[in-house]
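Structure first, commentary second.
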Amino acid sequence: MSALIAGIGSILVSGAVWCFGLAGSSQDWGALVGGAFFVLAVLLGLAGVGLGIMGLRNVKRDLTRVTTGTGYAITGLVCGGIGVISAVLGLVTAILLSQSA
């Protein structure tokens with residue numbers, strides 16, 4: 028469950044990277060503020076991926092098949108990866124737009 032929460036948080040914060048990066052690109056503060064949120068989005072995304080991998084390992088190791096949560100782990104992996112990729116693209120876009128303005 029924690030992988031899912033971290034992955035979704037990464038997607039939400041990467042949205043802030045895009046919003047602040049685009050809104051402040053004409054005034055040269057977009058890349059700075061977007062960069063601050065970028066760090067948080069990447070940390071959350073990497074946490075989602077790491078916790079998702081750990082969750083999948085725990086489910087696989089359980090011989091009694093009592094442990095469930097494969098769906099949460101996979102969703103955390105996917106959401107964390109999407110959050111990191113989206114944050115990187117948002118920051119690159121903010122930097123390019125602030126340089127061209």
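My numbering puts the first residue of the sequence shown at 28, with every later residue one more than the last.
Backbone N, C-alpha and C fix where the C-beta goes; we use that ideal spot for every residue, glycine too.
As assigned by DSSP and simplified to three states, the class of G117: In the three-state reduction of the DSSP assignment, G117 falls in the helix class, which pools H, G and I.
Closest residue to G72 among G57, L118, I109 (Cα-Cα distance): Out of G57, L118, I109, the CA that lies nearest to the CA of G72 is found in I109.
Three-state secondary structure (DSSP) at V93? Reduced to three states, the DSSP call for V93 is coil.
Mind checking whether G107 and A58 have CB atoms under 9 angstroms apart? No.
Which of the three DSSP states, helix, strand or coil, is assigned to G51? The answer is coil: DSSP assigns G51 none of H, G, I, E or B.
Check the C-beta distance from A121 over to G48 and give it rounded, since I have them as a contact under 8 angstroms. Correct: roughly 3 angstroms between the Cβ atoms.
Suppose you measure from the CA of S53 to the CA of G96; what does that come to, to the nearest Å? So the alpha carbons of these two residues sit roughly 45 angstroms apart.
Does DSSP classify W56 as helix, strand or coil? Reduced to three states, the DSSP call for W56 is coil.
State the Cα-Cα distance for the pair A63 and L123, rounded to the nearest angstrom. Approximately 16 angstroms, taken between the alpha carbons.
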